[in-house]
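Since the structure comes first, as structure tokens, the remarks are kept for the end.
There are 4 protein chains.
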Amino acid sequence: MGSVLGRILTVTTFGESHGPGLGVVVDGVPAGLELKQEEIQADLDRRRPGTSDYVSPRREPDQVEVLSGLAGGRTLGSPLALLIRNRDARSGDYADFSRLFRPGQADFTYFAKYGLDPQPGGGRGSGRETAGRVAAGAVARKLLAREGVRVLSYTLAVGGVRAETIDPGFAETDALRCPDPARAKEMAALVDRVREEGDSLGGVVEVVAQGVPAGWGEPVFDKLDAALAGALFSIGAVKGVEIGEGFALAGKRGSEANDQMSAQGFLTNRAGGILGGISTGEPIVARLAVKPTPSISLPQRTVDLEGKERPIEIHGRHDPCLCPRIGPVAEAMTCLVLAEAMLFHHSRYGRGK
Amino acid sequence: MGSVLGRILTVTTFGESHGPGLGVVVDGVPAGLELKQEEIQADLDRRRPGTSDYVSPRREPDQVEVLSGLAGGRTLGSPLALLIRNRDARSGDYADFSRLFRPGQADFTYFAKYGLDPQPGGGRGSGRETAGRVAAGAVARKLLAREGVRVLSYTLAVGGVRAETIDPGFAETDALRCPDPARAKEMAALVDRVREEGDSLGGVVEVVAQGVPAGWGEPVFDKLDAALAGALFSIGAVKGVEIGEGFALAGKRGSEANDQMSAQGFLTNRAGGILGGISTGEPIVARLAVKPTPSISLPQRTVDLEGKERPIEIHGRHDPCLCPRIGPVAEAMTCLVLAEAMLFHHSRYGRGK
Amino acid sequence: MGSVLGRILTVTTFGESHGPGLGVVVDGVPAGLELKQEEIQADLDRRRPGTSDYVSPRREPDQVEVLSGLAGGRTLGSPLALLIRNRDARSGDYADFSRLFRPGQADFTYFAKYGLDPQPGGGRGSGRETAGRVAAGAVARKLLAREGVRVLSYTLAVGGVRAETIDPGFAETDALRCPDPARAKEMAALVDRVREEGDSLGGVVEVVAQGVPAGWGEPVFDKLDAALAGALFSIGAVKGVEIGEGFALAGKRGSEANDQMSAQGFLTNRAGGILGGISTGEPIVARLAVKPTPSISLPQRTVDLEGKERPIEIHGRHDPCLCPRIGPVAEAMTCLVLAEAMLFHHSRYGRGK
Amino acid sequence: MGSVLGRILTVTTFGESHGPGLGVVVDGVPAGLELKQEEIQADLDRRRPGTSDYVSPRREPDQVEVLSGLAGGRTLGSPLALLIRNRDARSGDYADFSRLFRPGQADFTYFAKYGLDPQPGGGRGSGRETAGRVAAGAVARKLLAREGVRVLSYTLAVGGVRAETIDPGFAETDALRCPDPARAKEMAALVDRVREEGDSLGGVVEVVAQGVPAGWGEPVFDKLDAALAGALFSIGAVKGVEIGEGFALAGKRGSEANDQMSAQGFLTNRAGGILGGISTGEPIVARLAVKPTPSISLPQRTVDLEGKERPIEIHGRHDPCLCPRIGPVAEAMTCLVLAEAMLFHHSRYGRGK
């Protein structure tokens, strides 16, 4: 279990890294939404591997097929089922690891939970699982666009290199999704160097939602920031989430942290667009701490299924830094959370206000 | 909506700051669990106001009444309903603010969402709402204790003062819940000084779960870290959550971030006890960024319900730093998340391993 | 578990027959709904015992206290917590049965499930549990009234006596809630006679929802009739539910069963107001088969906790026929289901149409 | 929305009658369950059209493809995604009805809800949607078989012809799934005659679950009978559900309705295996009232999308009586409800007892 998200906009993903395919069913999309297969494909293309030097070279077209829920360019109000076939699953690449727990991967915990031997490519624990999320997110994105909401992301930092200016348009053109034209080369050089050393890098992804009106989100357990943090933390490799100024606020005083107001609105947005779990109307800003890709070719210590210590070196098709591929997934999760919050809000208070 | 947590261990809180009372209904507790009202009371006493110089002086005994679900010292398998009457609600304290949006509070967003004037004490948005959570958490704590799980917390940092040694037992005796005997006075002195200046401080709370066996948590959306992060983020004033080394991992390499294994088990616990969303058997470690208390007596700019700019100074009964009171709430949320994950796991794989 | 209903309008009941009290928390009610405590009380008064010769003489005022969610005559958008204290719980009445499984009651199954000895009055399995449902239903009723929806019920049949004309207003004045002035005496006489014989009677309750617009309900698993049937079946003693012509349609032909249409709308309402799981705009009509009260004073065979056969005669305060008290509960469940369906529909399609 | 069932064993169906395909994702199946694609196929073959004179001649092989969740003959603990392609969708058959509301179908209500023109074959409202349910039910059936539970069904009555002896094995060989060898021909003759007259017939399906241990099901809203009734009512054309003696109990006395006990157990099973919402250990018996197939070739009155009255005659590929195809769907729904109840029970009380 665990592959179902949402109560009113319900997203169910399926698929393993080396099985027949991956996909998602999205239930709860209103009828009549204009939606093209190409729009879903466009978001998938932003996440798929094999597109640059900085992502896994596994050749997956990630071509989406719409199995249901869409006719004549409009949604039917019934579940959208979206299927992506696996095309380049080379289980042989993982034969060496079928009885070893790869450090930093879910092999050990899946074994402890399910009693299963490590699956090729991590099975359900693979990052490929997020393809279904991105496809679902593309649908939510369309729903939000009708309300004027726009969600974007970029790689704020990789290792020690941090973007200082933010140009989201530039990030879309950069292989690492760095938003700072002045730092992009430095960031790429660092990744190149570390990869050559057989190692990998962590980083920070920032996701921003613009145009969310004040009033979305629900108090207590369904706070918008709680839902968003949970959703972003559900992305593999994410080890931290902060909203607005986040951890920096822990070192500040109230007079430095509050967003005061004038007749023109909020004077600052330190809260990152959410107060008391409800959107303020300011941009929603979240940052994700992404751990370094665990699959590295440097030698590491691990054990086999019998608990006997064994050295391991992982050569294969791995991203040197996960940030550029997590960005689109983070956008998808943000879109899904916002669309759910919007529907909850509309159910009682309508689209007005 | 938004006051219901969990699908199999379902927690529903209710109550406003200045209404007749607060409480919680916990459905899904197995029959036959030994539970005493005093055990619930003990956890409530750790959170309640009026207990030291560093928390709000509002005098609330926070005496819990068990309305259902318990007989003869054992749970009945039916919902536990727990009620705490408000005793010291002075609505008059808030009369000045009934038409102003207090900066950093939910007044503005509740108004935007519900069309309600600001409620005394923040109404449902008040920190008092967490009393119900703590009561529910005490029940979950008992359930976890049967499995050998123990959850604790402390104030890791306040403003710039950070604990360097961790003595959880000391934290229980310290008014700020500082775990470092050598730093406790410095921390207290900082809070004293800032409070005298009419300001407040943020900080960092750390929560630790010991004894969680490997295998709890579900992949994809119900990852244990995702559920935990969402639950911790649902606590008011929390603006960031990290698990294990968290944001620090963003600046590291894979070789520095992976937890390697020997025949004796994991060599490190940088992951904070969770891999692939499933517990590893190592201690689960989470940190919360807590923003400074928004209610401060320094002058601030804000607007009234008509949008006209108005200055505001908030004098009243406020905690100078929320960390010592958030600790017990963070424990409660952690207990609830772990108990739910345990029940999900047991439903399929039993209590054995 | 099992005491939580709904995903968007969430109702959690609590309480045992002989514990401190009963109640309910309703989360998801929109802010600003006009609601008076007396309106909730009025619905409770229609269900409570001690009001006539035909219901249990247990003296329970069933006085409701609003603990949260309401201020100044309007809902706050936060959970409504409603508490009803038990006043006349005489556990001694059940002392004889504390080690016997009463036939037709949940004693045996609760013992099998929970390992609990039979609780006084059935504990959580008591019909008193429905007080919380009725209180919640009163809130949903108000929400529906804003949309022009009205829900009513009556006792269609008791034993072999069946109402032939339906006057819902008369039913409100009749102790058995019989809607047929010409049959009310006959129905009462039958109940008198059977009760004197130490026996009890089953019957049929009909519930009708008027004014539901076309379009509420969701396909497949959340069909309006599926939700309604499940909710009505959750009332103790209900052993069958049918909508529209129900079981009679099993013996008919398509040409006799379809509701044909003219320019003025449906020519008949054999479907009972629901087609394909979605409301048609015609009145929604459901009937509940109610089994005879299981507690009878005639001698019966049963076993004790050790499985040894023992005779049993149950003297005490029992309703001779449950129909008059199930009517208000059936209305409450219908209101809750309709309000949930309405909110789901509004979340996507607004209140228009 | 509405296509998601269950909270711990989560079933999401998708697909329209004339779209690319149908299917289901089942999340929550434990890892390690032995499962073959042919077992799923076997259940699908019992439901699919084109297999006899008494079901629609639409030629659909209903061949299932397992997209995920299964490897090496065992489940992986991850979602099982099952896909069935539509092969014989002739949209042209429905061209005449694209602007008319077919009586007794969901065309009108889907139009009212979604603003959609009637879809070919009813779109999502088609009986073909149940293919996904049957596939999911086959998985739940395997899960239950491990616990010794067996679920079967038969056509108890068609029009006025009712089976008097029950031979479930015979039913499996009969085109109408009649369980009474002595009545099967009469039943078939009635269907033949009515079909020739351009009309259709309703009937009653009975479903039985054997081997369910005492203790499954949860009180109040998640009662086993409530969940079962809701699930069975979610099958199109079902207008009534009763458990045990059902509506007949409404006409009886307590002394005739209670199941008394001896040292050997229950003396009768009038309750149909459920007391207080929890299984008794006796067979669970439910009956479904199935309305006549609404698509008939006799002339009927209806209106078009503009509300103008228009006559309609529906010639095409329709089942003369839906009972034989609803039986396997009712089994599937029963299996899903029981498996969910089992997992809920196991989560707290284990498999023992």
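Protein chains in written order, with our numbering: chain A, 1 to 353; chain B, 1001 to 1353; chain C, 2001 to 2353; chain D, 3001 to 3353.
Even glycine gets a Cβ: it sits at the ideal position worked out from N, Cα and C.
Residue i: first and last residue of the uninterrupted beta strand (DSSP E) it sits in
| i | result |
| --- | --- |
| Leu-1083 (chain B) | 1080-1085 |
| Glu-1206 (chain B) | 1203-1210 |
| Gly-1073 (chain B) | Taken as a continuous stretch (DSSP letters only), Gly-1073 (chain B) belongs to no beta strand (DSSP E), as it is neither H nor E. |
| Arg-3301 (chain D) | 3300-3303 |
Range covered by the alpha helix (DSSP H) that runs through residue i
| i | result |
| --- | --- |
| Phe-3108 (chain D) | 3107-3114 |
| Ala-3184 (chain D) | 3184-3196 |
| Arg-46 (chain A) | 37-47 |
| Thr-334 (chain A) | 323-349 |
| Val-55 (chain A) | Neither: Val-55 (chain A) is in no alpha helix (DSSP H) and is coded neither H nor E. |
| Glu-2172 (chain C) | 2168-2173 |
Closer than 9 Å to chain A by CB, residue i
| i | result |
| --- | --- |
| Phe-1344 (chain B) | yes |
| Val-1334 (chain B) | What sits at residue 1334 (chain B) in the sequence shown is Thr, not Val. Not one chain A Cβ lies under 9 Å of Thr-1334 (chain B). |
Per-residue burial, residue i [other beta carbons within 10 Å of its own, 16 or more giving buried]
| i | result |
| --- | --- |
| Arg-3048 (chain D) | buried |
| Gly-3069 (chain D) | buried |
| Ala-237 (chain A) | buried |
| Gln-1264 (chain B) | exposed |
| Lys-252 (chain A) | buried |
Residue i at chain B interface by Cβ criterion, 9 Å
| i | result |
| --- | --- |
| Tyr-3349 (chain D) | yes |
| Tyr-2110 (chain C) | yes |
| Leu-2076 (chain C) | yes |
| Arg-3146 (chain D) | no |
| Leu-2009 (chain C) | yes |
| Gly-3230 (chain D) | no |
| Arg-317 (chain A) | no |
Beta-bridge pairing of residue i - partner residues as DSSP gives them
| i | result |
| --- | --- |
| Met-355 (chain A) | This structure does not reach residue 355 (chain A), given that chain A is present from 1 up to 353, and the question cannot be answered. |
| Ile-2243 (chain C) | C:Ala-2286 |
| Pro-2294 (chain C) | Answer is none; Pro-2294 (chain C) lacks a bridge partner. |
| Asp-2222 (chain C) | Note: Asp-2222 (chain C) sits in no beta bridge, so no partner. |
| Ser-2153 (chain C) | C:Val-2207 |
| Ser-3200 (chain D) | Note: Ser-3200 (chain D) sits in no beta bridge, so no partner. |
| Ser-68 (chain A) | A:Ala-81 |
C-beta neighbour in chain D for residue i, strict 9 Å
| i | result |
| --- | --- |
| Met-2001 (chain C) | yes |
| Tyr-2154 (chain C) | no |
| Phe-247 (chain A) | no |
| Gly-1028 (chain B) | yes |
| Asp-2096 (chain C) | no |
Proximal residues to residue i (C-beta, below 7 Å), its chain only, five neighbours per side dropped
| i | result |
| --- | --- |
| Val-1161 (chain B) | Arg-1183, Glu-1186, Met-1187, Leu-1190 |
| Val-134 (chain A) | Asp-43, Leu-44, Arg-47, Pro-328, Val-329, Ala-332 |
| Val-2055 (chain C) | Pro-2049, Asp-2319, Pro-2324, Arg-2325 |
| Gly-1211 (chain B) | Gly-1148, Val-1149, Arg-1150 |
| Val-3131 (chain D) | The residue asked about is misnamed: residue 3131 (chain D) is Ala in this sequence, not Val. Once the five neighbours on either side are set aside, the close Cβ partners of Ala-3131 (chain D) are Leu-3022, Leu-3044, Arg-3047, Asp-3062, Ile-3084. |
| Arg-310 (chain A) | Leu-100, Thr-302, Val-303, Asp-304 |
Neighbourhood of residue i by C-beta distance below 6 Å, restricted to the same chain and skipping five residues each side
| i | result |
| --- | --- |
| Glu-3282 (chain D) | Phe-3266, Asn-3269, Gly-3273 |
| Arg-3141 (chain D) | Cys-3335 |
Beta-carbon proximity list for residue i, same chain, < 8 Å, skipping 5 on both sides
| i | result |
| --- | --- |
| Leu-2343 (chain C) | Ile-2008, Leu-2009, Gly-2028 |
Short CB-CB distance (under 9 Å) between residue i and chain C
| i | result |
| --- | --- |
| Gly-1123 (chain B) | yes |
| Pro-213 (chain A) | no |
| Val-1025 (chain B) | yes |
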